[in-house]
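*Asks:* Residue numbers (the working numbering), protein chains in the order written: chain A, 2 to 293; chain B, 386 to 668.
1) Give the residues of chain C in contact with residue 589(B), contact being defined as C-beta atoms less than 9 Å apart.
2) Within a Cβ cutoff of 7 Å, which residues of the same chain sit near residue 448(B), ignoring the five residues on either side of it in sequence?
3) Round the Cβ separation of residue 251(A) and residue 143(A) to the nearest angstrom and send it over; I've been treating them as touching at under 8 Å.
4) Whole angstroms is fine: what's the gap from residue 1(A)'s alpha carbon to residue 552(B)'s?
5) Just the Cα atoms here: how many angstroms apart are residue 668(B) and residue 559(B)?
6) Measuring straight from C-alpha to C-alpha, what distance separates residue 635(B) and residue 411(B)?
7) With the cut-off set at 8 Å, would you say residue 73(A) and residue 242(A) are in Cβ contact?
8) What does a CB cutoff of less than 6 Å around residue 157(A) pick up in its chain, not counting 5 residues either side in sequence?
9) So what does residue 435(B) bridge to, in DSSP terms?
10) Going by the beta-carbon positions, is the gap between residue 454(B) and residue 587(B) smaller than 8 Å?
11) Flag this pair as touching only if the stretch 483-493 of chain B and the stretch 271-286 of chain A have three or more C-beta atom pairs under 8 Å; answer yes or no.
12) May I ask you to report which of helix, strand or coil DSSP gives residue 60(A)?
13) Would you say residue 71(A) reaches chain B, if we count a Cβ-Cβ gap shorter than 8 Å as a contact?
14) In chain order, which continuous runs of the alpha helix (DSSP H) of length 4 or greater are located wholly inside the stretch 5-35 of chain A?
15) If you check the beta carbons only, do residue 217(A) and residue 85(A) fall under 8 Å apart?
16) Could you check how far apart the C-beta atoms of residue 106(A) and residue 644(B) are, in whole angstroms? I think they sit under 8 Å.
17) Excluding the 5 residues preceding and the 5 following residue 518(B) in the sequence, name in chain order all residues of the same chain whose CB lies nearer than 7 Å to its CB.
18) Exposed or buried, what is residue 1(A) when buried is set at 16 or more other beta-carbons lying within 10 Å of its beta-carbon?
19) Report the option in 39(A), 118(A), 2(A) whose CA atom is closest to the CA atom of residue 259(A).
20) Just the Cα atoms here: how many angstroms apart are residue 178(A) and residue 537(B)?
21) Using a Cβ-Cβ cut-off of less than 7 Å, list which residues of the stretch 136-151 of chain A approach chain B; keep chain order.
22) Please report the distance separating the alpha-carbon of residue 136(A) from that of residue 232(A).
23) Tell me whether residue 613(B) sits in a helix, a strand or coil according to DSSP, three-state version.
24) If you measure between the beta carbons of residue 224(A) and residue 245(A), is that distance less than 8 Å?
25) Using a Cβ-Cβ cut-off of less than 7 Å, give me the residues of the stretch 614-637 of chain B that come near chain A, in sequence order.
26) Quick check on the DSSP output: what are the complete alpha helix (DSSP H) runs of length 4 or more inside the stretch 205-261 of chain A, in order along the chain?
27) Exposed or buried, what is residue 528(B) when buried is set at 16 or more other beta-carbons lying within 10 Å of its beta-carbon?
28) Would residue 159(A) and residue 88(A) be called neighbours here (beta carbons separated by less than 8 Å)?
29) Would you list the residues sitting across from residue 52(A) in a DSSP beta bridge?
30) Determine the chain B residues that contact residue 125(A) at a beta-carbon separation under 9 Å, and present them in chain order.
31) For residue 598(B), which beta-bridge partners are listed by DSSP?
32) Cα separation between residue 420(B) and residue 638(B)?
33) Could you list which residues in chain A have their beta carbon closer than 7 Å to that of residue 521(B), in chain order?
34) Give the interface partners of residue 652(B) over in chain A, defined as CB-CB distance under 7 Å, in chain order.
35) Is it true that the CB of residue 413(B) sits closer than 8 Å to the CB of residue 642(B)?
36) Compare the C-beta of residue 641(B) against all C-beta atoms of chain A and say whether one is closer than 8 Å.
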């Protein structure tokens with residue numbers, strides 16, 4: 002009996018590890034990131050337009066980096082959402098069991114390919130190809146990054162959206178078809194609205210994935226820390242900045258703290274996305290009467 | 386008539402939407418395989434790099450990735466399994482459990498480079514492990530923890546309630562039931578999670594960028610406190626450093642192919658296991 006209790010307590014304590022790590026990450030990012038705000042002021046840090054961390058005196062304005070992340074993520078969504086949701090609808094509505102049995106593992110494999118391989122592929126194949134095709138000065142730009150990020154976010158979007166679609170009760174479809182609607186009308190007027198918040202969850206999580214993706218954007222977006230004015234210029238998203246510069250930053254110096262502060266902002270953005278996704282998906286489950 | 390036409394075009398659009406994905410997947414696998422296979426040889430797999438990374442093999446990077454991945458699983462599997470057991474078998478509902486669930490979901494969404502920052506500040510700097518296998522493994526382990534927990538949870542939930550009831554009815558206590566009945570039945574599902582995590586940990590670069598990886602070591606690592614070469618980082622370094630881009634790109638193709646094979650093998654294994662498990666419970 003005593004041993005029983007002991008096991009329960011041990012498992013209970015270990016179960017808190019995720020929370021511990023999450024809290025730990027938050028604390029570390031704050032303690033290592035906040036000192037830069039004393040140095041530059043929070044306004045100049047977030048809204049400053051020049052990022053020259055190695056100049057003397059250095060300038061730590063992250064607006065170009067935030068703009069780049071926003072830009073590349075937007076592009077990724079333009080690619081990933083239509084393809085991802087389209088693929089989910091295809092798998093759920095049109096594909097027979099055989100095609101389904103092939104497509105789902107293929108999309109899983111796409112999700113499993115490491116981001117470094119995507120980045121490498123983007124650098125040696127996609128970028129030179131796009132450079133020639135579009136006649137742009139360099140293939141390493143926001144456009145290439147968006148394209149590849151969109152493909153990378155697709156499995157996330159597709160699999161969660163597909164889950165949401167499969168949760169829509171059969172009776173919804175049957176009722177619609179019985180009223181004389183055809184399959185397309187049933188899909189657009191009944192099934193998609195019913196799965197709407199589930200699909201939104203998929204898009205938010207896809208967005209979160211794209212914002213946080215590091216190696217791919219580091220290798221294919223070109224790395225220029227300027228505020229982008231088109232899709233065909235090199236940019237330097239937040240994740241790429243941290244990955245590229247942490248190696249040369251002096252530990253405990255201003256640059257080091259600035260990179261942690263970027264990490265903090267990144268963390269907060271993805272945190273908001275994740276909480277949002279959770280709230281939306283809970284509403285979805287309640288709406289369809291599934292257990293919370 | 387108009388409705389029929391709309392339906393036709395709508396469905397056509399859905400058919401088309403799947404094509405770019407398959408095309409991209411096909412191209413990436415095709416190029417990496419075709420260009421990677423020409424460099425891979427016994428020497429490439431078993432020898433250390435020579436002449437500033439332009440010749441020789443990548444054996445130390447393969448070994449390094451092996452160590453890092455093993456370390457990550459050794460750390461995250463017991464922890465993740467304990468967490469899943471608690472959530473499924475001991476305390477499936479309640480306020481505290483909701484907090485744990487939310488933190489697992491949020492941890493899963495943390496960008497990989499942020500794990501790298503955490504590892505740098507805590508393991509490398511604060512705990513003084515330095516840039517090492519240990520720091521890298523722990524960082525990777527925290528990163529794959531949510532995946533291990535979710536997979537284990539799913540596997541535990543899939544075990545029919547009647548198994549537990551039968552065991553308890555025969556006089557086994559709660560822990561005996563978990564150990565002798567629930568865990569063995571859930572093993573394939575847990576294994577699936579572990580296999581997928583191996584694939585993920587082996588391929589991740591950002592978390593080991595500042596916690597474990599280095600471009601070149603003289604030989605193989607001799608303790609958990611030495612820094613290591615790793616396949617994904619090696620690809621990155623080959624593409625961004627050095628002076629012989631063509632020779633280095635060729636080697637990078639080889640590394641990318643090895644990584645892809647590892648990941649594809651792991652995915653295939655996981656898919657196979659999952660399908661077998663589904664038919665096992667008759668679902």
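Just so it is clear, CB atoms sit at the ideal spot from N, CA and C, and this is done for glycine as well.
*Replies:* In this structure, then:
1) Absent here is chain C; the protein component of the structure consists of chains A and B.
2) 605
3) Not a contact, Cβ separation roughly 30 Å.
4) Not covered by the structure: residue 1(A). The range shown for chain A is 2 to 293.
5) Low local confidence applies: a pLDDT of 48 at residue 668(B) is under 50, so the model's placement there is unreliable, and no value is given.
6) 20 Å
7) no
8) 206, 207, 210
9) 440(B)
10) yes
11) yes
12) strand
13) no
14) 18-34
15) no
16) Actually they are not in contact, since the Cβ atoms of residue 106(A) and residue 644(B) sit about 19 Å apart, beyond 8 Å.
17) 452, 453, 456, 597, 606, 609, 611, 613
18) Any property of residue 1(A) remains undetermined from this structure, which presents chain A solely from 2 to 293.
19) 39(A)
20) 40 Å
21) none
22) 14 Å
23) strand
24) yes
25) 617, 620, 621, 624, 634, 637
26) 216-221, 239-246
27) buried
28) yes
29) 61(A)
30) 416, 420, 624, 634, 637, 638
31) 613(B)
32) 6 Å
33) Neighbours of residue 521(B) on chain A: none; closest Cβ ~14 Å, over 7 Å.
34) 109, 110, 113
35) no
36) yes
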